[in-house]
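Visitor: Residue numbers (the numbering used here): -14 to 116. The beta-carbon is built from N, C-alpha and C at its ideal position, and this holds for glycine as well.
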């Protein structure tokens, strides 16, 4: 899984959400009942494009999903990479997008699995702090 350093604790939740996403296209009722699941689907596709294609396909979509301006996206454009010999710091990219992606995952999980999910996450957090 990508983003294992920052989102490894949510791997099971991400897997369960992925089971609800169709192989192609958007989810059912993407503007009402499943709007957070649809945002998770779009964010996951954008993050995949970020780490596998350097945002060659979804740069604008990535910026809008993660609430950034086009110029604030942490991955330099191919033009910048060629002109300025810019290198991509993947650890920085991961750490800069993981807080927002964590929020998106949490919203989708609460929408799909209800308040029990939120309560279980709090219990897990307390148990880990006590250990």
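Distance check for residue 25 and residue 3, CA to CA, integer angstroms please.
Guide: Taking the first residue of the chain shown as 1, we reach residue 3 at position 18. Taking the first residue of the chain shown as 1, we reach residue 25 at position 40. Rounded to the nearest angstrom, the two C-alpha atoms are 9 angstroms apart.
Visitor: Leaving out the 5 sequence neighbours to the left and right, which residues in its chain are closer than 7 angstroms to residue -2 when beta-carbon positions are compared?
Guide: Taking the first residue of the chain shown as 1, we reach residue -2 at position 13. 90 and 94, listed in sequence order.
Visitor: Do residue 96 and residue 20 have their CB atoms nearer than 9 angstroms?
Guide: By 1-based counting over the chain shown, the position of residue 96 is 111. By 1-based counting over the chain shown, the position of residue 20 is 35. A contact, by the Cβ cut-off of 9 angstroms.
Visitor: Could you tell me the distance, in whole angstroms, from the CA atom of residue 79 to the CA atom of residue 105?
Guide: As a first step, residue 79 must be located in the chain shown, where it is residue number 94. As a first step, residue 105 must be located in the chain shown, where it is residue number 120. When rounded, the distance between both Cα atoms is 25 angstroms.
Visitor: So, using beta-carbon positions, are residue 43 and residue 62 closer together than 9 angstroms?
Guide: Here the question's residue 43 lines up with position 58 in the chain shown. Here the question's residue 62 lines up with position 77 in the chain shown. Result no, Cβ atoms of residue 43 and residue 62 do not sit closer than 9 angstroms.
Visitor: Contact check, residue 32 vs residue 86 under 8 angstroms by CB: the rounded distance?
Guide: Here the question's residue 32 lines up with position 47 in the chain shown. Here the question's residue 86 lines up with position 101 in the chain shown. The pair is a contact, with the Cβ atoms about 6 angstroms apart (cut-off 8 angstroms).
Visitor: Contact check, residue 27 vs residue 46 under 8 angstroms by CB: the rounded distance?
Guide: Translated into the one-based positions of the chain shown, residue 27 becomes position 42. Translated into the one-based positions of the chain shown, residue 46 becomes position 61. Their Cβ separation, rounded to whole angstroms, is 7 angstroms, which keeps residue 27 and residue 46 in contact under 8 angstroms.
Visitor: How is residue 186 classed by DSSP in three states: helix, strand or coil?
Guide: The chain is shown from -14 up to 116; residue 186 falls before or after that span and cannot be answered.
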